[in-house]
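Everything below concerns the one structure shown next.
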Amino acid sequence: MKTLEELLTRQERKAIRAPIETARTLPRRAFIDSDFYAFEARHALAESWLAVAFRTSIPEPGDIAPITAMGYPLLLVRDGDGRARVFHNVCPYDGCEVATSAKRSLKTITGPYHGWKYGMDGKLLEANY
5 MKTLEELLTR QERKAIRAPI ETARTLPRRA FIDSDFYAFE ARHALAESWL AVAFRTSIPE
65 PGDIAPITAM GYPLLLVRDG DGRARVFHNV CPYDGCEVAT SAKRSLKTIT GPYHGWKYGM
125 DGKLLEANY
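Per this note's numbering, the very first residue in the sequence shown carries number 5; after that it's consecutive.
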């Protein structure tokens with residue numbers, strides 16, 4: 005992964021750190037370049053909370069919705085107490101997705117390939133293999 009010094013020239017770094025009256029924004033490539041995104045994901049986004057969805061994605065207890073955020077497969081879950089939860093959407097048995105589509109009013113989450121069952125709290129309830 006590239007460093008900030010490799011991503012921005014010395015002049016660009018100086019310009020963005022200048023007093024507000026003379027400062028410049030990041031160059032255009034910072035918003036479209038995959039190396040900038042990787043740097044930002046590693047050093048800024050991964051170090052703090054990240055909003056990945058709206059409450060309407062999982063409005064009722066038992067609702068689930070698979071998403072991808074920053075390249076990670078995640079599973080949004082509204083548990084039985086109405087709390088929103090987010091889990092890695094990866095089965096530990098085979099690495100496949102635990103959920104492949106949004107579903108409503110579930111009591112448990114069952115993986116589509118080997119049938120492993122999880123509670124809405126993320127705990128493994130049943131493993132067939």
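C-beta: ideal position from N, C-alpha, C; glycine also.
Whole-angstrom distance between residue j and residue i, CA atom to CA atom
i: A45; j: Y97; result: 28 Å
i: P23; j: L30; result: 14 Å
i: Y133; j: D39; result: 41 Å
Residue from the options with nearest C-alpha to residue i
i: A106; options: Y117, H118 and N93; result: N93
i: R108; options: D125, E25, P63 and L8; result: P63
First through last residue of the beta strand (DSSP E) which encompasses residue i
i: F58; result: Premise fails: F58 is in no beta strand (DSSP E) and is neither H nor E.
i: Y122; result: K121 to G123
i: E130; result: L128 to E130
i: T3; result: One cannot answer for residue 3 here, as it falls past the ends of the chain, which runs 5 to 133.
Start-to-end residues for the alpha helix (DSSP H) that takes in residue i
i: E44; result: S38 to H47
Below 8 Å, how does it come out for the segment 79 to 87 and the segment 63 to 71: are there three or more Cβ pairs, yes or no? yes
Counting only runs that start and end within the segment 11 to 36, where is the alpha helix (DSSP H) found for 4 or more residues in a row? 14 to 20
Extract the residue ranges of the alpha helix (DSSP H) inside the segment 66 to 98, only unbroken runs of 4 or more that lie entirely within it. none
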